[in-house]
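From first to last, the protein sequence lines stand for chains A and B. In this text, residue positions in the first sequence follow the working numbering: the first is 1, and each later residue adds one. In this text, residue positions in the second sequence follow the working numbering: the first is 315, and each later residue adds one. Scroll down for the structure; my scribbles are underneath it.
Number of protein chains: 2
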Amino acid sequence: MSETETISPEQSPRAATAATWALAVHGGAGNLQSDTEHEPGYAESDYLAALERVLQTGLRILAGGGAALDAVETVVRAMEDDERWNAGRGAVLTRAGTAELDASIMDGRSLACGGVATITTVKNPISLARAVMERSPHVLLVGAGAEKFADDVRVERVDASHFVTPRQQRLWQRAQNLGESEHGTVGAVALDLQGNLAASTSTGGTLSKLFGRVGDSPLIGAGTYADNRSCAVSCTGKGEEFIRRGTAHDVAARMRHGGHALEAAASAAVADLRPGDGGLIAVDHLGRVAMPFNTAVMYRGAADSRGRFAVAIR
Amino acid sequence: MSETETISPEQSPRAATAATWALAVHGGAGNLQSDTEHEPGYAESDYLAALERVLQTGLRILAGGGAALDAVETVVRAMEDDERWNAGRGAVLTRAGTAELDASIMDGRSLACGGVATITTVKNPISLARAVMERSPHVLLVGAGAEKFADDVRVERVDASHFVTPRQQRLWQRAQNLGESEHGTVGAVALDLQGNLAASTSTGGTLSKLFGRVGDSPLIGAGTYADNRSCAVSCTGKGEEFIRRGTAHDVAARMRHGGHALEAAASAAVADLRPGDGGLIAVDHLGRVAMPFNTAVMYRGAADSRGRFAVAIR
Chain A
1 MSETETISPE QSPRAATAAT WALAVHGGAG NLQSDTEHEP GYAESDYLAA
51 LERVLQTGLR ILAGGGAALD AVETVVRAME DDERWNAGRG AVLTRAGTAE
101 LDASIMDGRS LACGGVATIT TVKNPISLAR AVMERSPHVL LVGAGAEKFA
151 DDVRVERVDA SHFVTPRQQR LWQRAQNLGE SEHGTVGAVA LDLQGNLAAS
201 TSTGGTLSKL FGRVGDSPLI GAGTYADNRS CAVSCTGKGE EFIRRGTAHD
251 VAARMRHGGH ALEAAASAAV ADLRPGDGGL IAVDHLGRVA MPFNTAVMYR
301 GAADSRGRFA VAIR
Chain B
315 MSETETISPE QSPRAATAAT WALAVHGGAG NLQSDTEHEP GYAESDYLAA
365 LERVLQTGLR ILAGGGAALD AVETVVRAME DDERWNAGRG AVLTRAGTAE
415 LDASIMDGRS LACGGVATIT TVKNPISLAR AVMERSPHVL LVGAGAEKFA
465 DDVRVERVDA SHFVTPRQQR LWQRAQNLGE SEHGTVGAVA LDLQGNLAAS
515 TSTGGTLSKL FGRVGDSPLI GAGTYADNRS CAVSCTGKGE EFIRRGTAHD
565 VAARMRHGGH ALEAAASAAV ADLRPGDGGL IAVDHLGRVA MPFNTAVMYR
615 GAADSRGRFA VAIR
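Structure follows, in structure tokens:
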């Protein structure tokens, strides 16, 4: 595993030779997660190591000729199963003290896509989102209807208490006392050897959010977008701001309609947000990666066929 | 009231003098609603008269100096209360035989927006969407959480049986027997004398849809978008196709990033859809109106400060 290094948009590859595959992942943008925790396993170095592990997981799929869609699902599944991230098992709790999970996935080859929102009993929301995409006539299913569909297609369900971990209960209790808010998201974007793009995003939403609130993560065009004609995008940050600007779709639209290169399109979309709102990861058909953000940190990593392999937080 | 006339995109006003206010409304795109009904009050002439009435309602607000946001909410409220349209009282029933309602609204001045989805007990979903926009920190609330919020902000609720009308029960029964599907939406877009744009959309979704399915109507960027820098848009048709293309946002993005005029942007966004998917209404800051569709019919009407007043179906 290579050493970690800081990746800023300015240092993205600009070599004439395009990468034949590329992957970027994120674990949320905002403030340092370790600011609020001093537990073993939650230091900055632990987060960097966790990012490297999921990057390796996705890299093996893509370098082996696997599909971008499989890579972005597998990476996000692994992050959903790691309690460090605000998605799946590690989801923050709503104002009511329960977890409500959202996720979406999109295939840039066909514009096929799927999303689920406000689900409480599905172990890996990203896999249910993929089932919505591939095995339903719909694009977005929410709540009990989505959970009934999970049973129909045999996607694994768990008791809602699976997500109410001791750590999240402590964070929730402090939020009640201090009025704190915390958010976070995980996501992945990939280009595969066949030239196909895909994007995925999953979240537990915002700590102490209202019951029934849906953020940008399950919404195609807001938190997630992929189109082989332009790019694949996964966003993280204050979801409402990404919805009102259609940020994920906006990056693709700036490339497709405005003729911008990936990096200019991604940077302009983030510049349209308010300072502190968040960031995004994006990859285009040439394997170029952009990861702009306007928060203190964004947990992120990128790898490609030319040997790039780096993770960063600040 | 002027006589009805056919409005096609080619006949939109192109005079040098801009309209100081403008309004467009739609009642869905697809096949003729009267194809499946021969009841008194549901003839084509009844639909045209209903479109003229709501156009007059919105016109009075805008000509009197009222806000675009008030005009698009009031027009859609009136359509939600008219059993002819697939929204509010006239919503089609889901596969489970119940009504699940979706709506959204957006203010082009501030990009403020709100949406609600899969609600079953709110008389006017568009007014709850406006309350989400103005009185919650969120942009999209779904299901029971949205209904609890309706109580918090005193938006009128009704028993779920309010929407299970004899007419919809007959349509639902026939759908069970024949495997028919029907969809429809209502929407409005407006420019006011202050130069502000707004858009609104409301629907009962697709007849026999899966429980928990969310279409494009409550989704900012998919079914509804408004941005004073470009245009206001409301879409109608096969919702999944509008979500995967971010159609409402795409019209705005083609204007903002591609430099297209309203009509070219709107036509290109509809040309991107599959034939038969639907259509949209859009208005820009010059009061130009575009209403392209690729279905057999789209129920629609437009009025402006220069005396335009016309409704059409085919």
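In this text, a Cβ means the ideal position worked out from N, Cα and C, and glycines have one as well. Computed from a prediction, not measured in an experiment: that's the story for all the values here.
Residue environment analysis places GLN168(A) among the buried positions, since at least 16 neighbouring C-beta atoms fall within 10 angstroms of its C-beta.
Between ALA302(A) and LEU23(A), the CB-CB gap stays under 8 Å. Looking at the backbone, the Cα of THR371(B) and that of LYS437(B) are separated by about 19 Å. A check of alpha carbon separations from THR120(A) across PHE211(A), LEU69(A), GLY30(A) identifies PHE211(A) as the nearest. According to the DSSP secondary-structure assignment, GLY237(A) is paired through a beta bridge with GLY278(A). Taking 4 residues as the minimum length, the alpha helix (DSSP H) runs contained wholly in the region 356–393 of chain B are 358–377, in order along the chain. Rounded to whole angstroms, the gap between the alpha carbons of ALA464(B) and ILE61(A) is 47 Å. Residue contact check for LEU346(B) against chain A: no CB pair falls below 8 Å. From the listed residues ASP272(A), THR201(A), VAL189(A), the smallest Cα separation to GLU80(A) is found for THR201(A). Non-local C-beta neighbours of ARG409(B) in its own chain, meaning closer than 8 Å and more than five positions away in sequence, comprise SER522, LYS523, LEU524, PHE525, ordered along the chain. For THR118(A), a Cβ of chain B is located within less than 8 Å of the residue's own Cβ. Contact of CYS113(A) with chain B by beta-carbon distance below 8 Å involves ILE557, ARG558.
When the five nearest sequence neighbours on each side are left out, the beta carbons in the same chain lying within less than 6 Å of the beta carbon of GLY553(B) are those of GLY529, ASP530, in order along the chain.
Taking the Cβ atoms as the reference, ALA417(B) lies roughly 6 Å from PRO532(B), within the contact range of under 8 Å. Judged by DSSP in its simplified three-state form, PHE163(A) adopts helix. Taking 8 Å as the cut-off, the beta carbon of ARG527(B) is found no closer than this to the beta carbon of SER544(B). Around PHE293(A), the same chain offers ALA29, GLY279 as residues with beta carbons nearer than 6 Å, after the five sequence neighbours per side are excluded. Annotation for MET133(A): the continuous alpha helix (DSSP H) segment containing it runs 125–135. GLY459, ALA460, GLU461, LYS462, PHE463: these are the residues of the region 459–478 of chain B whose beta carbon lies less than 9 Å from some beta carbon of chain A, given in chain order.
Where MET605(B) is concerned, there is no enclosing alpha helix (DSSP H), because DSSP gives it neither an H nor an E. Non-local beta-carbon contacts of GLY498(B) in its own chain, meaning distances under 6 Å to residues more than five positions away in sequence, involve GLY342, ASN400 in chain order. In this chain, the alpha helix (DSSP H) harbouring ALA567(B) covers 561–570. Rounded to whole angstroms, the Cβ separation of VAL453(B) and CYS427(B) is 6 Å, and the two are in contact under 8 Å. Around the Cβ of ASN510(B), a 10 Å sphere holds 16 or more other Cβ atoms; the residue is buried. When the beta-carbon positions are compared, GLU397(B) and ILE440(B) stay at least 8 Å from each other.
Proximity to GLU134(A) across ILE105(A), VAL311(A), ASP277(A) peaks at ILE105(A), based on C-alpha coordinates. ARG558(B) is the residue among ARG558(B), LEU383(B), GLY537(B), VAL478(B) whose C-alpha sits nearest the C-alpha of PRO137(A).
Straight across, the Cα-Cα distance linking ILE534(B) with THR334(B) is about 26 Å. Between LYS462(B) and the set VAL603(B), LEU442(B), SER475(B), VAL478(B), the nearest pair of CA atoms involves LEU442(B). With contacts defined by Cβ atoms closer than 8 Å, ALA332(B) and GLY601(B) form a contacting pair. Among the bridge pairs identified by DSSP, TYR613(B) is matched with none.
One Cα belongs to LEU576(B), the other to GLY307(A), and the distance between them is close to 45 Å. In this structure, MET298(A) keeps its C-beta atom at 8 Å or more from the C-beta atom of THR206(A). Distance between VAL283(A) and ALA226(A), taken at the CA atoms: about 9 Å.
In this structure, the straight-line span from the alpha carbon of GLY41(A) to that of LEU407(B) is close to 50 Å. In the structure shown, ASP618(B) falls within a strand segment according to DSSP collapsed to helix, strand and coil.
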